[in-house]
Amino acid sequence: MFSTRIKFIIDFLAFFLATIIALWLRLDLNIYTVINRYQQALFWGTLVNSILGLFFIFYYQTYRQIWRYTSFREIIQLIKAVLLVTAFFIAIILLFFRGNFPRSVFFLSPIISFGIMLIPRFIIGYYSERSLSILKKDTKKALIVGAGDAGEKIYREINRHIELGYRVVGFVDDDARKINSHLHGIRVLGKIDKLPEIVKKKNIDTVVVAIPSAGRKIIQRVYDLVSPLKIETLVMPGIYELIGKKISFDILRPFKMEDLLSRDPVFFDMQKVAAYFSGKRILITGACGSIGSEISRQLAISEVELILLDNNETGIFDLNNELSILTQVHPLVGDIRCLGRMKNIVKIYHPNMIFHAAAYKHVPLMEDNHEEAFLTNIVGTLNCIEAMGEEVEKLVAISTDKAVEPENMMGLSKKMAEILISSSIKSKLGSKMVVVRFGNVLGSRGNVLEVWKSQLQKNQPLTITDPAMKRYFMTTQEAVTLVLEASLLGDNGGTYVLKMGELIPILDMAKEFCKIQGYDLGKDVQYEVTGIRSGEKIIEKLWEDDEKVSDTAHQKILKIVNNTDSLPWDDLVQFVRDLEMRILEGNPVQVKNEVINFLKRNSEI
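Each residue of the sequence shown is one higher than the one before, counting from 889 in the numbering used here.
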């Protein structure tokens, strides 16, 4: 509303007029007495206060504030400027001014300066608010669930940006102390259970859920209350998804399956993790995959040097553009199946750590491509181990529940990858190596939710392999957060398992998925049972029956304490290299049978 020049003049006048008005008030509003008796005090006081005010106005740039958005932070800046001017003003007057100077001016002057600076800001803010209220009459009425810090920030975002098209008319919160209190003049109308009643009474158009720290039960409860109302619902992502992000209206989105399947959040010591990785050079294989890219993103907010490796040229290009503004990035196109390339990368870039996330993961696809699963998941892991040398302090390998009692080539290849790492640990090759094992990840490419979404868009029935099938699920962000935590625990090496919560029936997932989209499975949307595909199991396990697990310092991470999956290192390497050579030479090889027979000959694994 006001130009920067006018704001500067007003702030300057606050200090210029402060001494004049203070003397005038001190002498019972008699301007003649001020001029006749305190001429020197008036001159020197006004001059000193004006010069000091001019300096601190420039120092704090108070004139650059947007007055309609004056917040507590801006007010603190004004207070600092006024107090510093007052402190120097008193010191200069007492040291150098020998005339008659009323001491009450020292008290009155800062109050007057602060008042002159603050009042125009409040007036502008008040009338801007009134103008916005008039303009917002045609906007959507929004109700915010959560009257905490996140809810307050979302309110301010909505209030500042009329172009968003929303007007907050109330909050709801389960904290009884907040009920009927006001936040920025907006009332907390009741507890969450009152949502349906409040929505109808206030004619709410949009519900905004702003509780990033809420667990699954609270989110499910809010969803169950809101979904029958058939109104727009926007959700703030959970704390794992918010890592490294600023809370703003832009991050709000509709409900996703991940919101309903996520578990109660656990305290994530970001400072501890950042301190551990700070200054390290970290190589991430499979950097463009779901897990690899999320590891890259979460590490990028620490002071690390990232070496991103993937055979996906476009993916590496995009990821480099995204992360290079946050930290130093070396984007590398290459294949972990090439030992020479891996050794050169370690030799040239000297990584302190390797996160080995490169792998083929689709079970039915790998059943038709045994050789590819072997070369990437097994040979690739061996290449990472052999390329490490003495410079790499630790390797953290990503594994899967498919490696437990495997019945398919994908699981068998990941099992062999685990055996390679545990065998290298037993052989004391030097570097520390950690395996982190977990179940299905929501949000990964090609996951069941993506398949269903595509089928729904094409008006096709949802495909379900078997109604009895159950799986463990975890969001990508939470999985990676726990992988980073596990890498801190694994200073002595070993295999760690992430607690995945409860097994979830696939049919129940399909029902919830349709519900979120506004449909009823079996009525609005049909489903088709396709039967279990080659290599699939009805239920996955996170550890084998003869594996013993123990708790760790982290409540969501377990450790396998009796890992017997190791073989003589030289025999294992020779088998892998011989089979690799035969595959690359184009010789007919029954890869799956060869691996199984090798394990049977050498152990009880």
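Note that beta-carbon positions come from the ideal geometry of N, C-alpha and C, so glycine has one too.
All of these numbers come straight from a predicted model, not from anything done at the bench.
How is the beta strand (DSSP E) around S1438 delimited, first residue to last? 1437-1439
If you run the structure through DSSP and keep just helix, strand and coil, what is T1094? strand
Take every Cβ of the segment 1369-1384, pair it with every Cβ of the segment 1274-1290, and state whether three or more of those distances are shorter than 8 Å. yes
How is the alpha helix (DSSP H) around R1169 delimited, first residue to last? From DSSP, R1169 is part of no alpha helix (DSSP H) but of the beta strand (DSSP E) over 1169-1173.
What are the complete beta strand (DSSP E) segments, minimum 3 residues, inside the segment 1030-1070? 1054-1060
State the Cα-Cα distance for the pair L942 and I1012, rounded to the nearest angstrom. 23 Å
Return the Cβ separation of N1199 and V1221 in integer angstroms, given the expectation that the two are a contact with Cβ distance under 8 Å. 7 Å
Unbroken stretches of the beta strand (DSSP E), 3 residues or longer, contained in the segment 1285-1328: 1320-1326
Sheet register partners of H1218 (DSSP bridge): I1195
Enumerate in chain order the residues of its own chain whose CB-to-CB distance from P972 is below 7 Å, with the five nearest sequence positions on each side excluded. The residue asked about is misnamed: residue 972 is Leu in this sequence, not Pro. Excluding residues within five positions, the ones whose Cβ falls inside 7 Å are F944.
Once the 5 residues before and after L1350 are set aside, which same chain residues still bring their CB inside 6 Å of it? W1340, Q1343, A1398, Y1415
For I1236, the first and last residue of its enclosing alpha helix (DSSP H): 1227-1237
Note down the Cα distance separating A1261 from Q1186, rounded to an integer number of angstroms. 28 Å
Terminal residues of the continuous beta strand (DSSP E) containing T1121? 1120-1123
Around the C-beta of Y1248, are 16 or more other C-beta atoms found within 10 angstroms, so that it is buried, or is it exposed? buried
Please report the straight-line C-alpha distance between K1118 and A1035, rounded to a whole angstrom. 23 Å
Taking DSSP as the reference, what is the three-state secondary structure of P1476? coil
Using only the alpha-carbon positions, how far apart do I1493 and S1315 sit? With a pLDDT of only 48 at I1493, under the threshold of 50, the placement of this residue in the model should not be trusted; the figure read from the coordinates follows. Taking the straight line joining both Cα atoms gives about 18 Å.
Is the segment 1380-1388 touching the segment 1202-1216, taking contact as three or more C-beta pairs under 8 Å? no
Would you decide whether I1170 is buried or exposed? Buried here means 16 or more other CB atoms lie within 10 Å of its CB. buried
When the Cα atoms are used, what is the spatial distance from E1432 to F1361? 18 Å
Cα separation between I1042 and A1098? 8 Å
Going by C-alpha to C-alpha distance, which of K1429, S1178, S1310 sits closest to V1449? S1310
What is the DSSP secondary structure of L1333, reduced to helix, strand or coil? The question names Leu, but residue 1333 in the sequence shown is Arg. Looking at R1333 - three-state DSSP - the assignment turns out to be coil, as it is neither helix nor strand.
So what does DSSP say about P1116, is it helix, strand or coil? helix
Select from G1268, L1253, G1410 the residue whose C-alpha is nearest the C-alpha of G1334. L1253
Given a threshold of 16 other Cβ atoms within 10 Å of its Cβ, counted over all protein chains shown, does C1402 qualify as buried or as exposed? buried
V1057 and A1030 - do their beta-carbons sit closer together than 8 Å? yes
Taking the alpha carbon of D1396 as the point to measure from, which residue in I1420, L1376, D1354 has its own alpha carbon closest? D1354
Alpha-carbon to alpha-carbon, L1197 and T1215: 16 Å
Neighbourhood of S992 by C-beta distance below 6 Å, restricted to the same chain and skipping five residues each side: R914
Closer than 8 Å by C-beta to S1166: which residues in its own chain qualify, once you throw out the five before and the five after it? Chain order, please. S1190, E1191, V1192
Does the beta-carbon of P998 have 16 or more other beta-carbons within 10 angstroms, so that it is buried, or is it exposed? buried
How would you label P1100, buried or exposed, when you count the other beta carbons within 10 angstroms and need 16 or more for buried? buried
From the DSSP secondary-structure annotation, give me the bridge partner or partners of G1382. V1322
Beta carbon of L1494 nearer than 8 Å to that of I1236: No information on residue 1494 is available, as it lies outside the stretch 889 to 1493 that the chain covers here.
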